[in-house]
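Heads up: the structure comes next, in structure tokens.
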Amino acid sequence: MQNPYEVIPAEIYEVIQESPLIRTLRMKPQKPVSFKTGQFLEISIPGIGEGPFTPSSSHHIAENVDVTIMKTGFVTEYVHQTKPGDVIGIRGPFGSNYPLEKFKGKDVLILGGGCGLAPLRSLFLTMLHDNKEYNSITFLAGSKTPKDCIYRDEATEWRKYDNVQFIRAVDQVPEGEEWNENVCLVTKLLEKIEMKPNDNPAIVCGPPVMMKFGIMDLLKYGFKEENIYLSMEKKMYCGFGQCRHCVMGKYYACKDGPVFAYDQIKNEEAIWE
Ligand SMILES: Cc1cc2nc3c(=O)[nH]c(=O)nc-3n(C[C@H](O)[C@H](O)[C@H](O)COP(=O)(O)OP(=O)(O)OC[C@H]3O[C@@H](n4cnc5c(N)ncnc54)[C@H](O)[C@@H]3O)c2cc1C
11 MQNPYEVIPA EIYEVIQESP LIRTLRMKPQ KPVSFKTGQF LEISIPGIGE
61 GPFTPSSSHH IAENVDVTIM KTGFVTEYVH QTKPGDVIGI RGPFGSNYPL
111 EKFKGKDVLI LGGGCGLAPL RSLFLTMLHD NKEYNSITFL AGSKTPKDCI
161 YRDEATEWRK YDNVQFIRAV DQVPEGEEWN ENVCLVTKLL EKIEMKPNDN
211 PAIVCGPPVM MKFGIMDLLK YGFKEENIYL SMEKKMYCGF GQCRHCVMGK
261 YYACKDGPVF AYDQIKNEEA IWE
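Read in order, the letters of the sequence shown are residues 11 to 283 in this note's numbering.
Dropping the structure here:
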């Protein structure tokens with residue numbers, strides 16, 4: 011069994027400033043990090059601390075890993091000061107992954123916003139690798155304003171596949187910013203696509219309020235609770251069920267999640283806090 015405390019040094023080879031608060035670090039670990047999309051890593055800044063982050067790159071590439079990190083506090087402030095050539099630490103992977111086998115042959119709907127797009131980019135890129143295995147893939151992505159829109163230059167590439175739709179929206183366009191795509195809440199994009207609930211999966215990640223209302227809409231459209239998958243970002247430290255910070259009722263977000271089907275956790279306490 012892998013040692014959960016082992017820290018793998020990883021050299022940053024590129025830093026992409028995605029938005030004023032969000033950066034993608036592209037890293038080359040000293041040995042491959044074989045994760046399954048949806049799992050998370052503990053990323054450490056030597057002498058500062060560590061935090062849980064999901065890779066935003068495809069799980070088909072273990073030699074290089076991308077993480078997309080929003081500046082929110084102490085550790086992430088230091089993460090945002092790193093530059094190419096710096097070496098940081100990776101522990102893991104930990105937790106559950108998206109059940110891709112269940113998605114094969116289906117119409118897959120992905121709905122996300124803000125920094126919640128990080129695990130969804132990983133899922134999306136992983137599925138693009140063998141996109142013909144899925145009947146269709148629809149990715150709806152939201153941001154507050156155009157300058158908060160991350161992975162901005164990747165849209166052209168993502169729209170090249172004939173069974174893939176990538177649709178994005180911003181909540182508002184402040185004066186002086188340019189945007190020629192949708193202006194609405196990301197959940198409103200559900201009204202613009204052909205809905206295929208049946209037995210198809212919907213994967214949701216974003217700020218708690220977006221996830222909550224997104225799920226309510228998906229249920230109204232006829233998606234089944236067991237086919238709606240969430241990624242739960244609870245406060246956690248160890249990553250493998252020892253520190254108990256991420257307890258959600260009878261589950262630990264770190265080892266039973268972070269990926270859960272909605273029917274699994276809907277009755278657990280305080281899932282949106
Ligand atoms: C499984 C998992 C995957 C995650 N993936 C990503 C990702 O891909 N990109 C990303 O930017 N963030 C991700 N997060 C959130 C990220 O871990 C926290 O934002 C980060 O650890 C905050 O560290 P800090 O020291 O900068 O913040 P602190 O100074 O500790 O706190 C600043 C603020 O962030 C909140 N916060 C702290 N830890 C967490 C946490 N674990 N989850 C949510 N809010 C937190 C605090 O309550 C506080 O409001 C993920 C969290 C989990 C549990």
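Ideal Cβ positions, reconstructed from N, Cα and C, are used throughout, including at glycine.
On a predicted model such as this, the values are computed, not experimentally measured, just so you know.
Alpha-carbon spacing of Gly122 relative to Ile58, whole angstroms: Taken atom to atom, the span from the alpha-carbon of Gly122 to that of Ile58 is near 30 Å.
Jot down the residue ranges of each uninterrupted beta strand (DSSP E) in the segment 250-277, minimum 3 residues, whole runs only, in chain order. As summarised for the segment 250-277, the continuous beta strand (DSSP E) elements at least 3 residues long and confined to that stretch are 269-271, given in chain order.
Please report the distance separating the alpha-carbon of Asp140 from that of Ser146. Cα-Cα distance, rounded: 12 Å.
Secondary structure of Ser54, DSSP reduced to three states: Residue state, collapsed to three classes: strand.
Return yes when at least one heavy atom of ligand 3 lies under 6 Å from the C-beta of Glu243, else no. This structure simply doesn't include ligand 3; it includes ligand 1 instead.
Contact between the segment 100-114 and the segment 180-188 is defined here as three or more beta-carbon pairs at a separation below 8 Å; is this criterion met? Contact between the segment 100-114 and the segment 180-188 is absent: fewer than three C-beta pairs spanning the two stretches fall below 8 Å.
Thinking C-beta only, is Ser132 closer than 7 Å to Ser54? No, they are not a contact pair.
Any idea what DSSP makes of Leu132, helix, strand or coil? Residue identity check: residue 132 is Ser in the sequence provided, not Leu. In this structure, Ser132 counts as helix in the three-state DSSP scheme.
Short Cβ contact (7 Å threshold) for Ala179 with Cys159: With a cutoff of 7 Å on beta-carbon distance, Ala179 and Cys159 are scored as not near each other.
DSSP puts Leu127 in a beta bridge; with which residues? None; Leu127 has no bridge partner.
Is Gly83 near ligand 1, going by C-beta to nearest heavy atom under 6 Å? Gly83: yes, Cβ under 6 Å from ligand 1.
Quick test of the definition: if touching needs 3 or more C-beta pairs under 8 Å, does the segment 260-269 touch the segment 235-247? A contact is defined here as three or more CB-CB pairs under 8 Å, and the segment 260-269 meets this definition with respect to the segment 235-247.
Could you tell me the distance, in whole angstroms, from the CA atom of Val214 to the CA atom of Tyr23? About 30 Å.
Going by C-alpha distance, which of Pro62, Ile98 and Thr34 is nearest His255? The shortest C-alpha separation from His255 is found at Pro62.
Please indicate yes or no: does the CB of Pro62 lie closer than 6 Å to some heavy atom of ligand 1? Because some heavy atom of ligand 1 lies under 6 Å away, the Cβ of Pro62 counts as near it: yes.
Kindly indicate which three-state DSSP category Val196 falls into: helix, strand or coil? Note: Val196 maps to helix in three-state DSSP.
Going by C-alpha distance, which of Glu204, Leu35 and Leu110 is nearest Tyr88? If we check each option's Cα against that of Tyr88, Leu35 comes out closest.
From Tyr272, Thr148, Asn13 and Arg162, pick the residue whose C-alpha is nearest to that of Glu235; which is it? Considering only Tyr272, Thr148, Asn13 and Arg162, the residue with the shortest C-alpha distance to Glu235 is Tyr272.
Does the Cβ of Ala280 have 16 or more other Cβ atoms within 10 Å, making it buried, or fewer, making it exposed? By the C-beta density criterion, Ala280 is exposed, having fewer than 16 other C-beta atoms within 10 angstroms.
If the criterion is Cβ atoms closer than 7 Å, does the pair Pro217 and Phe233 meet it? Cβ atoms of Pro217 and Phe233: not closer than 7 Å.
State the start and end residues of the unbroken alpha helix (DSSP H) segment that holds Leu228. In the DSSP assignment, Leu228 falls within the unbroken alpha helix (DSSP H) covering Pro218 to Lys230.
Taking 6 Å as the line, does the beta carbon of Thr197 fall inside it for any heavy atom of ligand 1? No, ligand 1 has no heavy atom inside 6 Å of this Cβ.
Taking the beta carbon of Phe84 as the centre, do at least 16 other beta carbons fall within 10 Å, making it buried, or is it exposed? Residue environment analysis places Phe84 among the exposed positions, since fewer than 16 neighbouring C-beta atoms fall within 10 angstroms of its C-beta.
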